[in-house]
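Engineer: First the structure, then my questions, so here it is.
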Amino acid sequence: MNLAARQPVLLVAVPLVFAATCPLWGMWKRRICFYWALGGMSVTAFLAWSLIGKVSQKAPLTYNVSGWRPPWGIQIRIDTVGLLLACTITAMSILLLLYSYRYVEKEIPTQRIVYYYTLLLLIFTAMLGCSVTGDLFNFFVFMEIFSITSYALVAISGERRAIRAALKYLLMGATSSLTVLLAISFLYSVTGSLNMVDIGQVLERMGRTSSPYLPVAAAAMIFFIAGFCVKAAVFPVHVWLPEAHSIAPSPVSALLSALVIKMGVLGIIRTLFTVYGRGFSSFSEVWGALATVLSWAAALSIPVAAIMAIMQTDLKVMIAYSSVVHVGYIVLGISVLSVQGFAGGLFNIVAHAMGKGCFFLVAGIIIYKHGFRRIDDLKGLGRSMPVTAGAFAIASLSIVGLPPSAGFIAKWNILYGCLQQSQYIQVVLALFGSMLSAVYCFKVVYYMFFTGSNVGAKMDEGPMTMLIPVTLLAAGTVFFGIFSALLMPTLSNAARVLLAR
Amino acid sequence: MNFSRIFHNLNYVVSALLFLMGLYAVTVKPNIIKKLIGLNIMETSVFLLIVSVGMVDNGVAPIVTEGYRNALEAGRVVNPIPQALILTGIVVAVSTTAVALSLCLRVHEKYGTLNAPEILGRDVL
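Here's what the structure looks like:
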């Protein structure tokens, strides 16, 4: 058996097998689950990272599952965007698992630890599946897997607010999933295909012959965007996010904010550009209108969510609102339809994953050590927890978007893209949102470092397995800020291919 | 108004009505169980739509038997993919409903009510 040729499918199959066998180990000894999950994700990370340099947006790595050829079978299709997400997911997964090692004892009931690791493996599997699949229905199935898993993960602590948040998340998430399924069935009914690239070609042909079924495809596009916007928590439909992301256990919050909402963004990219991109000429009005609506919703979400974040007294709720701000930036970059803005949006997926991951994990360390959730309680923590607070300060540079952090590169490119398209009001809104972001981030940093302490100045850091992920994430934001040239040219090329008509 | 046209596309009309009914229940009904019922109605409507898309009058399954060649020539062979999609969709819907019902059970246990506005009114964020 040629394993190397099967690498694309192994990327999904390996974590799935590890997830399925995790409860069996848990029946024997609970502690093994952690090592099992970590081992599984390490193998997966190796599989994903060894693909770097081997794929491009123009020449993706493809694999036909069970040997069925593309328009009929499920095709795995790893392009630059998919690989970017796969690498981010696998890297984050290892850090989050490492972090969970000690954290689970704080917020997760002992008998559920086995389920916790199983669900984590399952959610990573589903997200990897979403990023590598080239089949629309397969995308939907993986999307449902990670959605259902994340409802369970939000509720895993068993606290009553957590269960309420999970139910609220489920009601919105399931409705949006159905909207996406409806869109897929619309599209299938007029194109007879489920392969994204193939649908694109069929739509192009239909456009040339001005088929009478084009309005159905256009309606499907609206349903797709509506559904994925809920998943991505774009402004008017973000209401489920603050509660679900803040009440979940901290590693889960980090996972949801850093990775899961990006899958909604991926859905927008896949449908708007891979599926409908080629047939653009036949949809120019609807397509253009949708892109405009998206960019306005995104641009408005930035200041509005930032103001909401400033008003919060709970640290994790504040961080959750900040995620809405950043989804706004990413969607703004994507929907402004300039190469530079698009590349900036893709870059912000990575930058935000690191920055927001670090934020939530820091909040987790503080909860683990002191049980503090309120921002006012953080006074003077910089003295007793210098590493934790320092990591928060560095990550906040990236979240606000100051040089030399990754967030700066991302925002700069997004705003430059907006200027290229003469979207001046969006630029003003985004810049205003950045200033507001500085208020809520630096308020916390100020409390941590420049006010009198209420926990004493004695060194009292969290455990090593928690500090390492936090430090690495904070260092990552600076690293990718300084060495953004490692990523940006590749992302620009991908953006150029996706935006080419 | 051409009634025969509506009659021939009855599946689509019913599916659209069901979808809207479900959406109404999910968004407007205060009772969580009713919201979930609405969600399931929405799911069913989408399944009905996909099945209707794959419908062929007097169709034959694409299995090579005696009558297959005639059916193929008459263009009456049914595409099996919509049915496969529905099966997957039903599995997904069942698991969503299962998770949702177990959450409902817990919510009722902890809050003592299934009324959504009442639950949202307690321990505000």
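Line by line, the protein sequences are chains A and B.
If you use my numbering, the first sequence corresponds to residues 1 to 501, in order.
If you use my numbering, the second sequence corresponds to residues 1001 to 1125, in order.
All C-beta atoms, glycine included, are put in the ideal place defined by N, C-alpha and C.
Of all the options A:I307, A:I123, A:R69, which has the alpha carbon lying nearest to the alpha carbon of A:A20?
Structural biologist: Closest by alpha carbon: A:I123.
Engineer: In chain A, which residues lie less than 8 Å from B:Y1111 when you measure between Cβ atoms?
Structural biologist: What B:Y1111 touches in chain A: R160, R164.
Engineer: For a contact meaning CB atoms closer than 7 Å, what does B:T1088 contact in chain A?
Structural biologist: Near B:T1088 (Cβ distances below 7 Å), the residues of chain A are V141.
Engineer: At a CB-CB cut-off below 7 Å, which residues of chain B make contact with A:E107?
Structural biologist: Chain B residues near A:E107: none, gap ~17 Å exceeds 7 Å.
Engineer: For the alpha helix (DSSP H) that A:R373 lies in, which residues bound it at each end?
Structural biologist: Careful: A:R373 lies outside any alpha helix (DSSP H) and carries neither H nor E.
Engineer: For a quick check, are the C-beta atoms of A:L397 and A:A389 less than 8 Å apart?
Structural biologist: It is not a contact, given that the beta carbons lie outside the stated cut-off.
Engineer: What would DSSP say about A:Q75, mapped onto helix, strand or coil?
Structural biologist: A:Q75: strand per DSSP, three-state reduction.
Engineer: Could you work out which residues of chain B lie near A:S335, taking near to mean beta carbons separated by less than 9 Å?
Structural biologist: Those do not exist, as A:S335 stays about 26 Å from chain B at its closest Cβ, beyond 9 Å.
Engineer: Quick one: list the residues of chain B neighbouring A:A174, beta-carbon separation under 8 Å, in chain order.
Structural biologist: The contacting residues are L1039, T1096, A1100.
Engineer: Based on the DSSP output, what are the partners of A:L61 in its beta bridges?
Structural biologist: DSSP, once it has assigned bridges, lists A:I78 as partnering A:L61.
Engineer: What residues of chain A sit near B:D1123, judged by a beta carbon separation below 7 Å?
Structural biologist: Going along chain A in sequence order, the residues near B:D1123 (Cβ under 7 Å) are R161.
Engineer: Do you know how far the Cα of A:L167 is from the Cα of A:Y151?
Structural biologist: Approximately 7 Å, taken between the alpha carbons.
Engineer: With DSSP run on the structure shown, which of helix, strand or coil describes B:V1060?
Structural biologist: Strand, per DSSP.
Engineer: According to DSSP, is A:D518 part of a helix, a strand, or is it coil?
Structural biologist: Any property of residue 518 of chain A remains undetermined from this structure, which presents chain A solely from 1 to 501.
Engineer: Check for me: the alpha helix (DSSP H) holding A:F228 runs from which residue to which?
Structural biologist: Here the alpha helix (DSSP H) through A:F228 covers 214-232.
Engineer: List the endpoints of the continuous alpha helix (DSSP H) containing B:E1118.
Structural biologist: B:E1118 -> alpha helix (DSSP H) spans 1116-1121.
Engineer: Check A:V43 in the structure and name its three-state DSSP category.
Structural biologist: Three-state DSSP puts A:V43 in a helix.
Engineer: What's the gap between the Cα of A:L256 and the Cα of A:S323?
Structural biologist: Roughly 10 Å between the two C-alpha positions.
Engineer: Is it the case that the Cβ atoms of A:V197 and A:L11 are separated by a distance below 8 Å?
Structural biologist: In this structure, A:L11 does not lie closer than 8 Å to A:V197 by Cβ.
Engineer: Note down, in chain order, every chain A residue with its Cβ under 7 Å from the Cβ of B:E1043.
Structural biologist: By Cβ distance, chain A contributes L178.
Engineer: Could you tell me if B:E1043 is buried or exposed, where buried requires 16 or more neighbouring beta carbons within 10 angstroms of its beta carbon?
Structural biologist: Answer is buried; the Cβ neighbour count reaches 16.
Engineer: Since A:L119 contacts A:L153 with CB under 8 Å, what's their CB separation in whole angstroms?
Structural biologist: Right, the Cβ-Cβ distance comes to about 5 Å (below 8 Å), so this counts as a contact.
Engineer: Taking buried to mean at least 16 other C-beta atoms within 10 Å of its own C-beta, is A:V304 buried or exposed?
Structural biologist: Label assigned to A:V304: buried.
Engineer: Is the region 401-415 of chain A touching the region 480-496 of chain A in the sense that three or more CB pairs, one from each, lie closer than 8 Å?
Structural biologist: Output reads yes: the region 401-415 of chain A touches the region 480-496 of chain A.
Engineer: From the DSSP output, read off the bridge partner residues of A:D135.
Structural biologist: The partner list for A:D135 (beta bridge, DSSP) reads A:N195.
Engineer: For A:V216, which residues from the same chain have a beta carbon less than 6 Å from its beta carbon, with the 5 sequence-adjacent residues on both sides left out?
Structural biologist: Here the set comprises F186, V190.
Engineer: Within the continuous alpha helix (DSSP H) that includes A:T490, where are the two ends?
Structural biologist: That run of the alpha helix (DSSP H) goes 488-499.
Engineer: Residues of chain A with CB closer than 8 Å to the CB of B:L1103, please, in chain order.
Structural biologist: Under the 8 Å cutoff, chain A gives Y151, A155, I163, A166, L167, L170.
Engineer: Taking the alpha carbon of A:S250 as the point to measure from, which residue in A:S100, A:T62, A:T274 has its own alpha carbon closest?
Structural biologist: Cα-wise, what sits closest to A:S250 is A:S100.
Engineer: Report the residue ranges of all alpha helix (DSSP H) runs contained in full by the region 444-489 of chain A; include only those spanning at least 4 residues, in chain order.
Structural biologist: Those alpha helix (DSSP H) runs which fall completely within the region 444-489 of chain A and span 4+ residues are 464-482.
Engineer: Quick check: A:R164 and B:V1107, are their CB atoms within less than 8 Å of each other?
Structural biologist: Contact: yes.
Engineer: Measure from the alpha carbon of A:F449 to the alpha carbon of each residue in A:K379, A:M435, A:A475, A:L486, then state which is nearest.
Structural biologist: Nearest of A:K379, A:M435, A:A475, A:L486 to A:F449, Cα basis: A:K379.
Engineer: If you run the structure through DSSP and keep just helix, strand and coil, what is A:V510?
Structural biologist: Because chain A here runs from 1 to 501, residue 510 of chain A falls outside it and cannot be looked at.
Engineer: Determine which residues share a DSSP beta bridge with B:V1077 and list them.
Structural biologist: Bridge partners of B:V1077: B:V1060.
Engineer: Output, in chain order, the set of chain B residues within a Cβ distance shorter than 8 Å of A:S253.
Structural biologist: Within chain B, no residue comes near A:S253; the closest Cβ sits about 14 Å away, beyond 8 Å.
Engineer: Closer than 8 Å, Cβ to any Cβ of chain A: which residues of the region 1048-1061 of chain B, in chain order?
Structural biologist: Taking 8 Å as the Cβ-Cβ cut-off against chain A, the residues of the region 1048-1061 of chain B that qualify are L1049, I1050, V1053.
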